[in-house]
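Below is one structure, written out as structure tokens; the observations come after it.
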Amino acid sequence: MCAEKIGWDSSQLRKYDLHLDEIPRLHYEDPKVDEFMQKNQPVLITGSKLVKPAEEKWTLDYLEKNLGKSNHTVFVSRNHKFKYFDEKKIYNKNNLKGVEFTPPTKRVDMKITDFMKKLREWKRGDERLYLQQPLNSTVGSTIVEDYLKFDWHFVAEKKNKYHWGELTSNVLFISMEGNVTPCHYDEQQNLFAQILGYKRCILFAPDQFECLYPHPVYHPHDRQSMVDFERPDYTKYPKFKNLKGCETVVGPGDVLYIPIYWWHHVESLMRGGPTVTVNFWYKGGPTNLEYPLQDHQKVSIMRNVEKMLLEVLQDPKEVGPLLRTMVLGRYCDP
Ligand code: OGA
Ligand code: FE
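For what it's worth, our numbering labels the leading residue of the sequence shown as 12, then goes sequentially.
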């Protein structure tokens, strides 16, 4: 890829020991886009006008002025990593004592003016911030107008063609340079529309489950990989060495299709300034059980088995031993 011409260079990427291919980059009118999306495979779509009004107008100053006076959800981290956690799972009904867990980030409500001030005054060593807030009715009317001018025809066509469910939300991400969203998967289809700055997205197919060692489903870090990409513990997670994925860097105007249940790691490029993204999250379509099952359907089945065992055993510590007893020497080698 000719990085010079496109506003970033490889020294701005964090270094990981990973085997990665390039995600195909296709113009939105290219019929091959369809082939990828039809098969639930990632593709970077260029040239669409999906979030054109935002691309043209959403500078940080404009967002500060027009995002509204209400509070926004901001995550605060003492390092560059913003690993998501489910607050509801910290005190889980299946583990009354609560999982032993220290949240890696702090969620705070912040006025946009305070957030932007911190963004402007940030220096190395300070806490990092990451605004992650669904676009809702509290945003100012100018932002609503821009939002209404998004290319809804473009997304509606995708939704219908691939039988996705309803649009659940559009999350606005405003990130400091260098912030990292560690590797996780979501249970929704995602059109990830880049507006300002550059983000590197590393994706892994659902069949890489074994190499990525997700936390158990009851854990606050459900859907997140337990492996720290920067210092992988190969003794605990030996199959991480076999992990194979694909990557791309998205810039303004690019739309990345992140298929449902695909793992993704997202990093705002270092020394690239703040970044702005809006995603489009859609529910998965109706599941027709055609055999052989697809890998993401198997992940969904595993989630259900885990949940069911927890429900009946009432103690997460009993799940592993039961599964071992059931499987070892019978369904796999001891
Ligand atoms: C997502 C996502 C993280 C980010 O859109 O599903 O994980 O940092 N985004 O943009
Ligand atoms: Fe995600």
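By construction, the Cβ of each residue, glycine as well, lies at the ideal position given by its N, Cα and C atoms.
Residue environment, Ala167, which counts as buried when at least 16 other CB atoms sit within 10 Å: exposed
Is Phe47 near the ligand OGA, judged by its Cβ being under 7 angstroms from some heavy atom? no
Cα separation between Leu107 and Asp137? Here the model assigns Leu107 a pLDDT of 46, short of 50, so the residue's position is not dependable and the matter cannot be decided.
Measuring straight from C-alpha to C-alpha, what distance separates Ser22 and Glu278? 13 angstroms
Just to be sure I understand the criterion: a residue counts if its Cβ is closer than 6 angstroms to at least one heavy atom of the ligand OGA. Which residues meet that? Phe184, Thr192, Asp197, Asn201, Phe203, His275, Val277, Thr288, Asn290
Alpha carbons only, please: which of Lys134, His91, Tyr102, Phe126 is nearest the one belonging to Thr116? His91
Can the beta-carbon of Met127 be found closer than 8 angstroms to that of Leu71? yes
Indicate the three-state DSSP secondary structure (helix, strand or coil) for Trp163 in the structure shown. helix
Proximal residues to Asn77 (C-beta, below 6 angstroms), its chain only, five neighbours per side dropped: Gly151, Thr153, Ile154
Quick check for students: name the residue ranges of the beta strand (DSSP E) that lie wholly in the segment 32-115, counting only runs of 3 or more. 36-38, 54-57, 82-88
Distance cut-off 7 angstroms: His307 Cβ against heavy atoms of the ligand FE: no
Given Gly283 as reference, the closest of Ile312, Ser81, Asp45, Val260 once Cα atoms are compared: Val260
Closer than 6 angstroms by C-beta to His38: which residues in its own chain qualify, once you throw out the five before and the five after it? Chain order, please. Thr57, Gly58
What residues are listed by DSSP as bridge partners for His30? Lys255
Proximal residues to Cys257 (C-beta, below 7 angstroms), its chain only, five neighbours per side dropped: Leu31, Asp32, Glu33, Ile34, Pro53, Leu214
Length of the line joining the Cα atoms of Phe220 and Leu333: 21 angstroms
Check whether the Cβ atoms of Tyr248 and Trp175 lie closer than 8 angstroms to each other. no
Count the other CB atoms within 10 Å of the CB of Ser186; is the residue buried (16 or more) or exposed (fewer)? buried
By the DSSP assignment, the beta strand (DSSP E) with Lys122 in it spans what residues? 117-122
8 angstroms Cβ cutoff met for Trp69 and Leu207: yes
Tell me the rounded alpha-carbon separation between Pro243 and Tyr229. 23 angstroms
Using only the alpha-carbon positions, how far apart do Asn315 and Arg131 sit? 45 angstroms
Start-to-end residues for the beta strand (DSSP E) that takes in Phe291: 286-293
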